Structures are given as structure tokens and as C-alpha cells.
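Q: Protein chains in written order, with numbering that gives the first Met the number 0: chain A, 0 to 441; chain B, 0 to 471. Where is the CB? At the ideal position from N, CA and C, for every residue including glycine. Here the structure is a predicted model, which is why all the values come from computation and not from measurement. Submitted below is the structure of interest, expressed as C-alpha cells.
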Amino acid sequence: MPIEFALPNLGENVTSGDVINVLVKEGDVIVGNQAVIELETDKAVVEIPCPYGGQVKKVLVKKGDTVKVGQTILIVESEVAEKAPVVSPAKGPESQVAAAPPEEKPSPPPAAPTPPPVAAVTAATTATAVAPEPSPLVEVDSRLLPAGPAARRLARELGVNLATVQGTGRHGRITVEDVQRAAQSRAEAPRVTIPSPVVPPGEPGQDSWGPIRREKMSKIRKTIAAQMTRSWTTIPRVTNFDDADVTDLENLRKSVPPDFLGEGLKLTFMPFVMRAVSLALRHHPLLNASLDEENEQIIYKEYINLGIAVDTPRGLVVPVVRNADQMTIPQLARALSEVARKARNVEFTVDELRGGTFTISNLGAVGGTYSTPIINYPEVAILLLGRSRWLPVVRDGQIVARYMMPLSLSYDHRLVDGAAAARFLNEIIDWLQNPGKLLLVS
Amino acid sequence: MDIELVVIGGGPGGYAAAFLAADLGMKVAIVDQEPRLGGVCLLRGCIPSKALLHVTRVIAETEELKEWGVDYSKPAVELNKLRARKEKVISILTGGLKQLAAKRNVRVIHARAQFRDGQTLRLSPVNGGTLEDNVLRFQRCIIATGSRPVIPGLFPTGVDRIMDSTVALDLPEIPDSLLVVGGGYIGLEMGMVYASLGSRVTVVEMMDGLLPGVDRDLVRPLQKRLEGLFAAIYLNTKVAAVHLVDNGVEATFEGAKTGTERFSRVLVSVGRRPNSDNLGLENTKVQVDSQGFIVVDARRRTAEPAVYAIGDVAGQPMLAHKAAHEGKTAVEAISGHKVAFEPRAIPAVVFTDPEIAWTGLTETDAKRKGIPYEVAVFPWAASGRAQAMGRTDGFTKWIIDPKTERVMGCGIVGPSAGDLIGEATLAVEMAASARDLAETIHPHPTLCETLGFAAEVFFGQATDLYRPRKKD
Ligand SMILES: Cc1cc2nc3c(=O)[nH]c(=O)nc-3n(C[C@H](O)[C@H](O)[C@H](O)COP(=O)(O)OP(=O)(O)OC[C@H]3O[C@@H](n4cnc5c(N)ncnc54)[C@H](O)[C@@H]3O)c2cc1C
């Protein structure tokens with residue numbers, strides 16, 4: 000029987016989203032909880048799983064559409080209703096209820112299965128945070144890929160799509176080695192391709208001076224634009240520039256053996272900076288506050304939640320590391336790698352982007368020294384790290400080479416005066432220049 | 000009390016999960032309301048039933064020897080001794096589990112567990128036991144609470160003449176007559192045990208065949224044998240009413256068979272229901288489907304991020320080996336591996352005599368789903384080993400993809416079918432082709448040879464069988 004699958008409630012304040020990708024087409028057979036569209040909401044991109052299995056009769060949305068909660072996405076010809084409600088005896092123990100009176104019978108198949116409540120949806124989307132969307136339970140059929148359990152397991156671990164792997168084993172069987180090769184060639188692939196000129200996305204068009212392309216602004220871009228405009232038009236912003244001598248910190252960082260904090264976890268300056276900022280915020284609560292203009296009050300946050308600006312292919316996002324002041328440097332390193340990974344893979348939930356009290360933006364990996372970052376409203380300050388570089392510095396009358404990290408601190412001058420900001424920045428610099436202290440303080 | 004991983008339920012799913020987690024370095028506790036580890040499978044399921052079926056099989060073999068000129072006298076059964084010997088099997092195995100848990104530093108807490116929220120369990124003592132702490136906070140939890148028998152309301156409860164599988168396994172007596180309600184695998188296995196010990200057994204099944212859902216050709220040899228062993232088999236028949244009478248039970252039938260008959264005892268084996276109720280799941284985000292199964296994703300994670308579910312409580316098929324594998328998947332997922340529970344084949348075995356076993360795609364499923372397939376059957380009458388055992392009622396069949404010639408499923412009926420299905424399962428998992436099986440040298444004379452021979456049949460080249468086929 001045909002069942003309409005409508006966009007389920009996606010949680011707090013999310014009423015609609017843009018379809019980035021339709022993952023199924025009419026005629027496809029899907030299993031329950033298979034992801035059917037990729038949806039971009041205000042802040043996050045989520046895969047929307049359809050709880051019903053069956054054949055897709057109609058797809059009512061297309062790429063680029065804005066879909067509201069409750070709007071029908073698909074019509075599925077579901078087999079659920081035909082399924083026996085009891086134990087399928089083929090697989091299960093004991094047989095059908097032979098003589099069950101009505102009250103003992105498992106409930107009859109509902110006319111349309113009730114869609115699982117939101118929780119199931121969020122679970123399915125957050126599920127991607129740990130593993131790639133697990134493919135549905137494979138039922139044996141003639142289109143099986145010829146790979147054994149070990150090869151399939153490795154493919155999952157390495158993120159290799161088995162359908163694209165050429166099997167070299169007997170009768171085309173995909174071996175473990177085939178999977179390894181596929182993973183390797185994928186890793187090497189970007190190195191051999193010559194960068195081709197970038198064709199911007201969007202629809203081709205023409206203006207008075209030549210060809211152009213028009214692209215619909217993505218939700219995330221619109222959100223960034225609105226947020227930046229709001230900050231720019233409400234906050235009288237001032238930026239202080241300074242440098243921290245991180246030569247000692249750099250030596251310390253480099254002396255930590257690789258994988259010491261966990262396999263694949265690279266120790267950067269960031270966890271140290273996060274620690275230093277958290278400590279400094281404890282002593283400068285004004286920088287961890289926000290302004291309640293309406294009631295003319297200052298709200299001091301007794302928690303320290305650090306927003307971390309992450310550059311993703313879809314645009315800037317700022318996931319939050321909560322209670323950062325209660326974390327050790329190794330914990331911060333792990334939390335950071337987790338949020339960065341999630342942000343890049345677009346696996347975070349909207350809630351993970353909320354509740355920040357202070358933002359750190361690190362351009363060190365990309366390049367550049369100073370900048371004038373825009374404050375992440377309603378926060379009152381933001382710290383931007385540039386790329387550290389060796390500079391001639393005068394120490395005790397001598398010119399010495401020191402490794403210097405450029406720092407730019409923007410702050411809301413309505414609340415924070417220049418001297419207060421400078422004192423706050425001084426404290427951060429002091430922590431960074433004395434890594435021993437930074438490690439020992441609790 | 001705080002713990003990294005708590006597993007609720009010490010059955011084959013639960014202890015497999017807990018042991019692996021401990022091997023991976025996690026701090027683990029198992030909570031079970033039973034004083035002994037092993038769950039349904041070990042305490043009142045797979046193991047005791049197989050111990051009794053072993054006895055059944057040997058008794059049957061002594062009878063088979065008559066035609067070989069060896070005559071045993073009718074066996075005298077000492078029920079107390081039989082019960083104690085079966086109990087010994089259980090206590091050896093559960094004792095072993097206890098030791099394994101101790102060696103791995105897995106804490107075993109004897110208590111009933113309920114969720115207080117998505118992060119905390121409330122523990123209540125059972126059988127007057129005491130607890131150090133009745134609140135357990137966990138980082139991760141695996142629900143492995145299994146299932147229990149369904150007893151439809153028309154059967155009075157609290158009466159020893161009306162048994163479920165647990166009571167039947169305790170062998171309270173050998174009744175003169177036994178009505179088995181439900182012709183699924185548990186009913187038939189237990190019916191066979193009682194019949195061989197001397198009870199007159201009648202089976203009633205609502206569907207039109209025994210073992211509903213299993214390929215009919217596999218069931219036929221068993222049905223034939225049971226027709227000789229059992230007093231009666233009523234198909235397409237329901238029990239409409241039961242009345243307790245002096246020393247017995249009167250059952251009224253409805254359907255193909257009508258009327259009322261009297262039995263000393265009744266075994267109700269109509270299905271099992273997942274233990275997802277009374278767990279406090281309403282205090283969590285965990286979702287339960289219309290049949291009571293906990294809804295999980297491919298990694299066995301529920302809608303509550305820190306909670307996983309495995310085994311009978313997490314869906315069909317309700318089998319011990321499926322529970323154990325799911326348990327391992329859940330633990331690996333918890334420890335950060337990208338894993339999924341996506342078997343191609345889960346073998347199922349009915350431990351009757353003859354045994355029936357199948358794995359991967361069945362013919363019934365292939366037809367229902369419209370999957371093209373071919374079968375290749377090797378009848379055991381052509382097997383030297385089966386002839387030497389005097390058991391030629393079995394056969395081995397492969398279900399093969401005609402295009403790729405890969406094996407998609409296998410069905411076997413005959414003695415030891417359950418032991419033969421392992422090779423077939425590996426073949427399906429490895430996407431072996433019929434050629435792989437035909438060219439793998441099987442030892443002679445064995446029953447496992449029939450797996451190779453059946454593959455040869457596919458190519459029309461079986462040495463021991465002349466059956467011209469198109470393939471070369
Ligand atoms: C007669 C019979 C024969 C069978 N034969 C076979 C067979 O041959 N092969 C096969 O594969 N399968 C067989 N099965 C099925 C098999 O027993 C189950 O599939 C298997 O036991 C499921 O394992 P599990 O780990 O999911 O749960 P279980 O083994 O059911 O264990 C669950 C445990 O959780 C405990 N528990 C439940 N709720 C709570 C709570 N709230 N707090 C604390 N503890 C709790 C229970 O006491 C129990 O010990 C048979 C079953 C029966 C009844």
C-alpha cells in the first residue's frame with residue numbers, strides 16, 4: 000500500500016530546509032530507515048531517513064527545493080502492511096500463534112505504520128557522527144557484490160564503496176587486497192590530477208559585461224550573511240593586535256611523540272590556545288558575557304563554551320566545545336579534532352552549534368597574520384590566530400629569532416574597554432609564553 | 000556506581016558483547032536477574048534442548064540398528080538421572096562463563112535493571128539478594144534482555160499441566176499424552192524428545208504445514224518421520240478452548256480438525272516476545288516497534304545515543320548466534336570502529352531428526368521477492384555415507400544465481416544438517432560460485448561431500464548421479 004513520507008520534525012526551531020541531494024529515484028527499492036534526501040537546514044546538513052521500506056513510487060521534491068516540516072517527500076509502496084505482524088516463522092523460533100485469543104494477538108498490522116517519532120530521525124542523523132551512514136541490512140539477492148565479510152569490513156573501515164571496486168579474485172571476487180588498493184589509489188588520486196580552472200556553481204547567464212553564473216544562496220551562506228550583518232550593524236567593534244612568543248610552546252609541542260594522544264590525533268597549538276583563553280576568561284568574565292540591550296543588563300556566563308570557527312566546503316561553521324575550562328589539554332585536543340571532523344563531514348546537529356560564549360578562529364593553517372574578525376553575536380569578543388613565523392626580536396639588547404604567533408582580538412566596545420581587552424590579551428599571551436605554567440595550572 | 004559499559008542480560012548476546020568489550024580494555028559490568036550467566040540459550044533454550052535431543056537421537060539409532068541385526072531391549076528411562084545429567088551440562092557451561100567473566104574482570108551484578116534515564120540504571124535486588132548500590136551510571140549500555148514465551152490468554156496460567164518450553168525442558172514427568180500447540184521448531188524439538196521418551200504426542204498447527212516459512216521440500220522428510228513418531232499432526236487447526244479436567248487437559252479444536260480431545264499435558268510453543276517491557280524504556284529515547292522489538296540502526300544503536308540493543312530483543316531472527324554477532328558489532332561500534340551488522344546469511348537449524356538447516360536465501364524468499372534463482376539438489380540416497388548410515392531421507396540443495404553462478408543460499412535436511420550448514424554459510428558470505436564448491440575437494444565418504452556434489456549437479460556433472468543439465 001502506498002505511504003506518504005513527510006519531512007519529520009527536525010528539532011528545535013527548524014521548520015524547513017533546502018534539498019541538497021535526492022538520494023533515491025522513482026522505482027528504487029528502499030529498506031526502512033534508508034536515507035532518502037540530504038537536507039540543509041539553518042546550520043547543519045542532515046540525511047533524512049525514511050522509516051518505511053518498499054518501492055519508491057513518487058519523489059515529490061528535487062534538488063534545490065525548500066521543504067517544510069510536514070511536507071510530503073516521497074510516496075513509498077510499502078510492504079510493511081502485508082508483513083505478518085508476528086514472528087516470521089521462517090526465521091524465528093516456534094510458529095505462528097495457533098490459538099491466540101484477540102487480546103493476546105500482537106496488534107494487527109496498522110493501516111499505515113506509524114512513523115517513528117523524531118527521536119529515531121535524530122538518531123539516524125547523528126549516527127553518521129561515528130560511522131558512515133551504514134548501508135541497510137543487506138538481504139541476499141542476485142545483485143550481491145562478490146566480497147567476503149573481511150573485505151566488506153575493511154571497506155567500511157576505509158570508506159571504500161565496494162560497488163566501484165574491481166575484483167581480482169576468482170570469478171571477480173573482491174579480495175581484501177582489492178579494497179586496500181582502491182583505498183590507496185583514492186588517496187593518491189588528487190596528487191596526479193592537474194588542477195583545472197574552477198567553474199563556479201550556478202546557472203549560466205549574461206550581464207552587460209559578459210557571461211556570469213547565478214547561484215541560489217545556500218541556507219548556510221544566508222545564515223552567515225545575516226549573522227555578520229547583525230554583528231556589524233549592532234556592535235561597535237575594536238581590534239587589538241599583538242604577538243605571543245610561542246618558541247617554547249613550539250618546542251614542547253614538537254617534543255610530544257606522534258600519536259601520543261591517540262592514533263591520528265595531531266597536536267597543534269589550538270588546544271593550548273583554548274586552554275589559555277579559558278583560563279584568561281575565568282579572570283575576565285566581561286569577555287565571556289553578553290549584552291541584554293532590551294533590559295539594559297549584562298549577562299555573565301558562568302560556563303565557558305568555546306566556539307571554534309571551522310572552514311568547511313559549504314562555508315564557515317562554528318561548533319562549540321562545551322565547558323572548555325574544565326578540560327585538560329589532551330581532552331581539548333580530542334574535542335577539537337572531533338568537532339572539526341564533524342564540521343567537515345557535516346555531521347553535527349544544530350544544537351552543537353549553539354551556546355558559545357567566546358569564539359576562536361585559527362587561520363594559522365591557511366596563512367596570514369592579523370585580521371579584524373567580526374564578533375559572533377551575541378558574544379562580545381573573538382580571538383583570531385594568524386600563522387606563527389620566525390621574527391627577529393630584541394631580547395636583552397640582542398636580536399634573536401623567536402617564533403611569534405600573531406593574535407587579533409576583536410571586542411564589543413559597548414561592554415569592553417580597550418584597556419580591559421588589552422589586559423585580557425596580555426594574560427593569554429602570558430600563558431602561551433609560559434607553557435610550563437599552562438600545563439601545571441588546574 | 001559508575002561504569003564504562005553495562006550490558007543488561009547475560010545471554011549469548013550479552014556475554015559475547017561484555018567479553019569482547021573487556022578484551023578491548025573497557026570497564027564492563029553485566030547485570031542479569033538470573034543467578035547464573037548464559038541466558039535463555041544456556042539455561043532453558045538451545046543447550047538443554049540439545050542435551051535432551053542427543054538422548055532422543057541415540058534412542059532412535061538403537062532402533063535403527065534392528066534392521067542391521069542388532070537388537071537392544073526397550074530403554075528404561077530414569078528421569079531423575081536424565082534431568083541431572085542435562086543439568087550437569089548446563090552447570091559446566093555456566094560455570095565456565097563465570098570463570099571467563101572473572102578472568103576478564105567483568106563484573107557480574109545479580110539484579111533486575113531498569114532505565115532511570117538515558118544514562119542511568121536503577122537496580123533492584125532479586126531473590127532477597129543485596130546490592131552495593133542501586134544506581135548505576137554508565138557511559139554506554141547494551142540491552143540484551145532476550146525474549147520469553149508467549150502464552151495466549153486462553154491457556155490458564157500457574158497450572159503445571161500447561162507448560163511452556165522452560166517447564167517442558169525441566170522434564171517434570173513423562174506424560175502419557177502431550178499436546179504441542181504450535182508446529183514451529185521449539186514445539187517439534189520438544190515433541191520429539193517427549194515422543195522418544197514414551198509420550199503420545201499430538202501437534203496442532205494453525206498454518207497449512209509444519210515449520211511455516213521453511214522451504215516445503217526441506218520439511219517433507221521430517222514430516223514423514225514425525226507422522227510415524229507422533230500420534231497425530233493437525234494442520235490448519237486452532238485450539239479454540241482448553242479445560243482443565245482430572246489429571247489432564249481437554250482441548251477443543253477448530254478448523255481442519257474439530258472436536259475435543261483429552262491430553263495429560265499441553266506444551267504451548269506459539270512464539271516468543273521480546274523483553275522490552277518493564278525495562279523503563281519510557282524514561283529514555285529508545286524506540287520500540289509494534290512487535291515489541293527495540294529499533295536499532297546497522298550498528299545496533301537505539302535512538303538513545305548511549306544505548307545499544309542486540310539479540311532477541313532487537314529483532315528477528317531470534318537465534319543465539321545472531322545475538323552474539325550483534326553483540327560484537329555493537330561493542331566495536333562503541334569503541335569507534337566503522338562496523339555494521341550486515342550478514343549475508345544467518346544460518347538456522349531445526350534440531351529434529353532429521354535435522355533441517357538453511358542459510359542465506361531460501362526458495363520461499365526468492366519466489367516472494369521475485370529473485371531469479373536455480374536450485375541444484377543432491378539426494379542423499381546417492382551418498383555412500385548416508386547409505387552406510389541407513390539414513391537416505393535427506394538431501395542438500397544450493398540456491399544459485401543463474402547469471403553469476405554464485406551461491407545465494409543453501410538448504411539441507413538429514414542427520415547432522417546443522418553441522419553441514421556452516422560450510423554453506425561461509426560459501427554464501429564469500430560469494431563463492433558453484434564452481435568453487437564443485438572444485439573444492441571434500442573428504443570421502445562424508446555428508447559434507449553432498450555440498451560439493453550438489454554444486455556438480457548444477458553443472459550436470461555429478462559423478463554419483465546421472466542427471467543431464469544444460470550447464471558445462
Ligand atoms: C527451547 C528453546 C530452544 C532454543 N534453541 C535454540 C537453538 O538451538 N539455536 C539457537 O540459535 N537459538 C535457540 N533458541 C533461541 C535462543 O535461546 C535465543 O535466541 C538466545 O538466547 C537469545 O540471546 P539473547 O542474548 O538475546 O538473550 P537471552 O538468552 O534471552 O538472555 C537474556 C537475559 O537477560 C536477562 N534479563 C532480561 N531482562 C532483564 C532485566 N530487566 N534485568 C536484568 N536481567 C534481565 C534474562 O534473565 C536473561 O538471562 C532456543 C530458545 C528456546 C526457548
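Does the separation of the CB atoms of M404/A and A279/A fall below 8 Å?
A: For this step, residue 404/A is matched to residue 405 along the first sequence. For this step, residue 279/A is matched to residue 280 along the first sequence. Not in contact: M404/A and A279/A (Cβ atoms no closer than 8 Å).
Q: On the CB-based measure, 16 or more other CB atoms within 10 Å of its CB, does D291/A come out buried or exposed?
A: As a working note, residue 291/A is residue 292 in the first sequence. Counting Cβ neighbours within 10 Å, D291/A comes out exposed, since fewer than 16 surround it.
Q: Would you say the beta carbon of H336/B comes nearer than 7 Å to a heavy atom of ligand 2?
A: Absence of ligand 2 from the depicted structure is noted, with ligand 1 being the only ligands included.
Q: Give the range of the beta strand (DSSP E) segment to which T238/A is assigned.
A: For the purposes of this step, residue 238/A is taken as the residue at position 239 of the first sequence. Run containing T238/A: 236-244, per the beta strand (DSSP E) assignment.
Q: Which residues in the same chain as I223/A place their Cβ atom closer than 7 Å to its Cβ, once the five residues preceding and following it in sequence are excluded?
A: Mapped onto the first sequence, residue 223/A falls at position 224. The residues are G314, L315.
Q: Distance cutoff 8 Å, beta carbons only. Does R172/A sit that close to anything in chain B?
A: For the purposes of this step, residue 172/A is taken as the residue at position 173 of the first sequence. Judged by the 8 Å Cβ criterion, R172/A is in contact with chain B.
Q: Starting from the N-terminal side, write out each stretch of the beta strand (DSSP E) that is 3 residues or longer and does not extend beyond the region 8-42 of chain B.
A: Counting only runs of 3 or more, we get 27-31.
Q: At which residue ranges does the region 264-291 of chain A contain complete alpha helix (DSSP H) runs of 4 or more residues, listed in the order of the chain?
A: List check, alpha helix (DSSP H) in window: 269-282.
Q: Considering only the alpha carbon of each residue, which of Y372/B, A347/B, L51/B lies closest to F188/B?
A: Your numbering for residue 188/B matches position 189 in the second sequence. First, the residue type needs correcting, since residue 188/B is Glu and not Phe in the sequence shown. Here the closest residue by C-alpha is L51/B.
Q: Three or more C-beta pairs under 8 Å: does that hold for the region 356-363 of chain A against the region 300-313 of chain A?
A: A contact exists between the region 356-363 of chain A and the region 300-313 of chain A.
Q: Name the chain B residues whose beta carbon is nearer than 9 Å to that of R155/A?
A: Taking the first sequence and counting its residues from 1, the one referred to as residue 155/A is at position 156. The answer, in chain order, is H336, K337, V338, A339, E341.
Q: Can you name the residues of chain A whose CB is closer than 8 Å to the CB of A16/B?
A: On the second sequence, residue 16/B is found 17 positions in, with the first residue counted as 1. The contacting residues do not exist; A16/B stays about 17 Å from chain A at best.
Q: If you run the structure through DSSP and keep just helix, strand and coil, what is R401/A?
A: Stepping through the first sequence from its first residue, residue 401/A is reached at position 402. In this structure, R401/A counts as strand in the three-state DSSP scheme.
Q: For the region 430-439 of chain A against the region 274-288 of chain A, are there 3 or more C-beta pairs whose distance is under 8 Å?
A: A contact exists between the region 430-439 of chain A and the region 274-288 of chain A.
Q: Please return the same chain residues whose Cβ sits closer than 6 Å to the Cβ of Q165/A, not counting the five positions on each side in sequence.
A: As a first step, residue 165/A must be located in the first sequence, where it is residue number 166. Hits under 6 Å: none found.
Q: Please list the terminal residues of the continuous alpha helix (DSSP H) segment that includes M189/B.
A: Position 190 of the second sequence, counted from the first residue, corresponds to residue 189/B. Its alpha helix (DSSP H) spans residues 184-196.
Q: Within 8 Å, do at least three Cβ pairs link the region 244-264 of chain B to the region 378-394 of chain B?
A: Taking 8 Å as the limit for Cβ pairs, the verdict is that the region 244-264 of chain B does not touch the region 378-394 of chain B.
Q: Have a look at L178/B, P401/B, I108/B and flag the residue whose alpha-carbon is nearest the alpha-carbon of R199/B.
A: If you number the second sequence from 1, residue 199/B lands on position 200. Checked all of L178/B, P401/B, I108/B; the closest Cα to R199/B is L178/B.
Q: Can you tell me which of the three DSSP states N133/B falls into?
A: Locating residue 133/B in the second sequence gives position 134, where the first residue counts as 1. Note: N133/B maps to coil in three-state DSSP.
Q: Is DSSP giving N160/A helix, strand or coil here?
A: Your numbering for residue 160/A matches position 161 in the first sequence. Reduced to three states, the DSSP call for N160/A is coil.
Q: Leaving out the 5 sequence neighbours to the left and right, which residues in its chain are closer than 7 Å to N274/B when beta-carbon positions are compared?
A: If you number the second sequence from 1, residue 274/B lands on position 275. If we look at N274/B and ignore the five residues flanking it on each side, its Cβ neighbours are T144, G145, S146, R147, V312.
Q: Are the C-beta of M429/B and some C-beta of chain A separated by less than 8 Å?
A: Taking the second sequence and counting its residues from 1, the one referred to as residue 429/B is at position 430. Yes, because at least one Cβ of chain A sits closer than 8 Å to the Cβ of M429/B.
Q: Which residue wins for smallest C-alpha separation from P171/B, given the options F229/B, L81/B, A416/B?
A: Working through the second sequence from its first residue, we reach residue 171/B at position 172. Out of F229/B, L81/B, A416/B, L81/B has the C-alpha closest to the C-alpha of P171/B.
Q: Jot down the residue ranges of each uninterrupted alpha helix (DSSP H) in the region 324-362 of chain A, minimum 4 residues, whole runs only, in chain order.
A: Runs of the alpha helix (DSSP H) inside the region 324-362 of chain A: 328-343.
Q: In its own chain, which residues sit with a C-beta less than 7 Å from the C-beta of G171/A, not counting the 5 before and 5 after it?
A: The residue labelled residue 171/A in the question sits at position 172 within the first sequence. Around G171/A: P145.
Q: Would a check of beta-carbon distances place R434/B closer than 8 Å to chain A?
A: For the purposes of this step, residue 434/B is identified with residue 435 of the second sequence, where counting begins at 1. Chain A, which has a Cβ nearer than 8 Å to the Cβ of R434/B, makes this yes.
Q: Return the residue from the list H242/B, A230/B, L168/B, A231/B that minimises the CA-CA distance to L153/B.
A: Here residue 153/B refers to the residue found at position 154 of the second sequence. The candidate whose alpha carbon is nearest that of L153/B is H242/B.
Q: Cutting at 7 Å between CB atoms, please list the residues of its own chain near G451/B, excluding the five before and the five after it.
A: If you number the second sequence from 1, residue 451/B lands on position 452. Taken in chain order, the residues that qualify are L436, A437, T439, H441.
Q: In whole angstroms, what separates the C-alpha of Y14/B from that of V6/B?
A: Here residue 14/B refers to the residue found at position 15 when the second sequence is read from its first residue. Here residue 6/B refers to the residue found at position 7 when the second sequence is read from its first residue. Taking the straight line joining both Cα atoms gives about 8 Å.
Q: How big is the Cα-Cα spacing for V237/A and L38/A?
A: Position 238 of the first sequence, counted from the first residue, corresponds to residue 237/A. Position 39 of the first sequence, counted from the first residue, corresponds to residue 38/A. Their backbone Cα atoms lie some 37 Å apart in a straight line.
Q: Just to check, is the beta-carbon of K97/B closer than 7 Å to a non-hydrogen atom of ligand 1?
A: Here the question's residue 97/B lines up with position 98 in the second sequence. Incorrect: K97/B has no Cβ contact closer than 7 Å to ligand 1.
Q: Exposed or buried, which one is E303/B when buried takes at least 16 other CB atoms within 10 Å?
A: The sequence position of residue 303/B within the second sequence is 304, counting from 1. Per the 10 Å Cβ criterion, buried.
Q: Is D296/B close to chain A, meaning its C-beta is less than 8 Å from at least one C-beta of that chain?
A: Looking up residue 296/B in the second sequence gives position 297. With 8 Å as the cut-off, D296/B counts as an interface residue toward chain A.
Q: Is Y71/B buried or exposed, if buried means 16 or more other CB atoms sit within 10 Å of its CB?
A: In the second sequence, residue 71/B corresponds to position 72, counting from 1. Counting Cβ neighbours within 10 Å, Y71/B comes out exposed, since fewer than 16 surround it.
Q: Span of the alpha helix (DSSP H) holding M388/B?
A: In the second sequence, the residue the question calls residue 388/B occupies position 389. From DSSP, the alpha helix (DSSP H) with M388/B extends over 383-388.
Q: Does the beta carbon of R160/B come closer than 8 Å to any beta carbon on chain A?
A: For the purposes of this step, residue 160/B is taken as residue 161 along the second sequence, with counting starting at 1. No, no contact with chain A.
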